[in-house]
Amino acid sequence: MARAVPELQLAETDDPLHERLANALAALIADGRLAPGERLPSHRVLAQGAGVAIGTVTRAVDMLTRRGLVRGEVGRGTFVSELERKSWGVPVDLTLNVPPLMIEEALFLQASERAARRVLTLPAGGLHDLRGTEGQRAIVARWLSRTRLEAEADGLLLCVGAQQAIHLAFADLAGLSPSIACEAATFSGAIAAAVHLGLGWEVVDHDAEGMMPDDLDRAFKETGCRMVYTTPVCQNPLGFEVSEARRLALIKVCEAHNAFIVEDDVYGLYATAGPVTYKALAPDRTYYLTSLSKCLTPLVRLGVLVPPEDRLPPLLRALRADVFGAPPSAVELGCALIELGADAIAAEALRREAKARIDLARKVLRLADVPMPEGSPHLWLPMPAVAAEKLARRCSEHRVRLTPPDATSLGGDKAGGVRLCTLAPDHRDDLERALHIIARLMRDPEETVI
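Each residue of the sequence shown is one higher than the last, beginning at 1 in UniProt numbering.
Laid out in structure tokens, this is it:
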């Protein structure tokens, strides 16, 4: 039975009104004032109670439905889900750098239907076009040109996510370079690809803007390394963004040693300096890669690799020998979502949510000086490796999972720390709960947190 809604406290933030209303209702559900199985008040009553329009209530309820907090029943109304979480007992996993779904279910289904119709018309199941059909590549090229990089359809390969693109780029450069230059800590998937290919790593000193040009020059001179791997926006896991001036300085060093850059731009949507990529600055020296997984949803494993033009033929041969191209169904779904504008909708929402969550982390953890863009999908807490391992272990005992340093470390003092994937929890209240546990354990590692 529905009853009058308890007092709604809408946060005074820059978030859209419907998101603030959804968060207020979620808080009522979390603390039991709206109980599992209880019917929500009517949209009209909610609108009056919150002082908003009925349309705002509709959008807020849609958001709660996507979160799984409420369910609608035709002819009966909207009810709090029976399976609602016991909020303070559920583990919070901050190890996976994946965004929550930020588009409406109806839009995803519309894209799925469009993709299904198209994929059934592909000649020979799409096997003639290992790097994607001309039409598919044209859609992805327009997406890149609109967001991060002026690209031509003929100059790119579609991949099974960014991970395959990383592996292809590393493999293509393995004959030139026995090792890869990088900061003291990096993406675990890149580490795995290097291990698989028998490539080593050369740790280059870094500051808040990325690798130090002088130390990169040293690494090239001393080791014979001719390859750089970089995530210049929201470096994973360290969090910094490389300025254009630093990128130009690093490119100059690479030019002096005939070295190449593998630019992992999966977090490009969070860039504060605009679409200034290594690929735009040094196209003949850069293997550029990105994917839809981090800017839309990991449900769509569609990656793209834009190599130097003369490396396309050998990369096509490698693609044939590897997985014979990305699955046409996944490619068509990604293309349909791009055409319907889902990527733009998700990107705007993710930037807003990422900023709110980083602000929350700064407030709870009292991090005034951690270098990071205004919004980022993850946060790096630097500390000695032993302390980081202990914090990760103690947090795990309190049902909060963090990325420990050994998952991302390449060596050196600057590799010590833990990564928090702040966008990983579906709900902001789960993140806040985890942050308070982390804060208390950072102050007193032996404390038992209730």
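All residues carry an ideal CB built from backbone N, CA and C; glycine is no exception. Bear in mind that the values here come from a model prediction, so they are computed numbers and not experimental data.
Pick from the options: whose alpha carbon is nearest that of residue i?
i: residue 427; options: 27, 37, 11 and 230; result: 27
i: residue 293; options: 213, 319 and 377; result: 377
i: residue 318; options: 138, 93 and 166; result: 166
i: residue 78; options: 402, 248 and 25; result: 25
i: residue 59; options: 75, 414, 20 and 48; result: 20
i: residue 354; options: 392, 327 and 271; result: 271
i: residue 383; options: 113, 251, 442 and 162; result: 442
i: residue 47; options: 348, 393, 10 and 291; result: 10
i: residue 134; options: 115, 303, 156 and 262; result: 156
i: residue 192; options: 175, 163 and 214; result: 163
i: residue 250; options: 279, 274, 237 and 172; result: 279
i: residue 121; options: 334, 343, 329 and 394; result: 329
i: residue 204; options: 213, 196, 316 and 197; result: 213
i: residue 69; options: 313, 430, 150 and 29; result: 29
i: residue 432; options: 32, 374, 397 and 365; result: 365
i: residue 316; options: 281, 283, 247 and 171; result: 171
i: residue 179; options: 435, 326, 197 and 188; result: 197
i: residue 75; options: 42, 97, 35 and 50; result: 42
i: residue 229; options: 190, 248, 244 and 247; result: 190
i: residue 150; options: 258, 282 and 17; result: 282
i: residue 101; options: 53, 424 and 310; result: 424
i: residue 262; options: 299, 187, 333 and 321; result: 187
i: residue 246; options: 385, 40, 215 and 436; result: 215
i: residue 224; options: 235, 236 and 174; result: 174
i: residue 515; options: 72, 71, 8 and 34; result: Limits of the chain in this structure are 1 at one end and 450 at the other, which puts residue 515 out of reach.
i: residue 284; options: 385, 311 and 299; result: 311
i: residue 333; options: 299, 437, 195 and 394; result: 299
i: residue 236; options: 97, 394 and 429; result: 97
i: residue 356; options: 40, 436, 429 and 313; result: 429
i: residue 146; options: 408, 269, 177 and 313; result: 269
Have a look at the DSSP bridge pairing and note the partners of residue i.
i: residue 234; result: Per DSSP, none; premise fails for residue 234.
i: residue 304; result: 158 and 290
i: residue 93; result: 401
i: residue 260; result: 227
i: residue 78; result: 72
i: residue 211; result: 206
i: residue 382; result: 417
i: residue 201; result: 180
i: residue 185; result: 409
i: residue 39; result: 79
Would you call the CB atoms of residue i and residue j closer than 9 Å?
i: residue 451; j: residue 153; result: Shown here, the chain extends from 1 to 450; a query on residue 451 therefore has no answer.
i: residue 202; j: residue 242; result: no
i: residue 130; j: residue 260; result: no
i: residue 217; j: residue 169; result: no
i: residue 185; j: residue 381; result: no
i: residue 331; j: residue 126; result: yes
i: residue 306; j: residue 144; result: yes
i: residue 240; j: residue 181; result: no
i: residue 363; j: residue 206; result: no
i: residue 38; j: residue 80; result: yes
i: residue 113; j: residue 66; result: no
i: residue 418; j: residue 301; result: no
i: residue 288; j: residue 233; result: no
i: residue 342; j: residue 107; result: yes
i: residue 118; j: residue 335; result: yes
i: residue 23; j: residue 14; result: no
i: residue 158; j: residue 137; result: yes
i: residue 211; j: residue 244; result: no
i: residue 374; j: residue 358; result: yes
i: residue 132; j: residue 321; result: no
i: residue 17; j: residue 52; result: yes
i: residue 391; j: residue 379; result: no
How close, in whole Å, do the beta carbons of residue i and residue j come, if the pair is a contact with beta carbons under 8 Å?
i: residue 264; j: residue 297; result: Actually they are not in contact, since the Cβ atoms of residue 264 and residue 297 sit about 19 Å apart, beyond 8 Å.
i: residue 350; j: residue 94; result: Not really, about 17 Å apart at Cβ, beyond 8 Å.
i: residue 361; j: residue 422; result: 6 Å
i: residue 139; j: residue 338; result: 6 Å
i: residue 416; j: residue 388; result: 5 Å
i: residue 274; j: residue 291; result: With a Cβ gap of about 20 Å, residue 274 and residue 291 do not count as contacting.
inquiry  = Across the region 401-409 and the region 46-60, are there enough close Cβ pairs to call them in contact, namely three or more that are closer than 8 Å?
reply    = no
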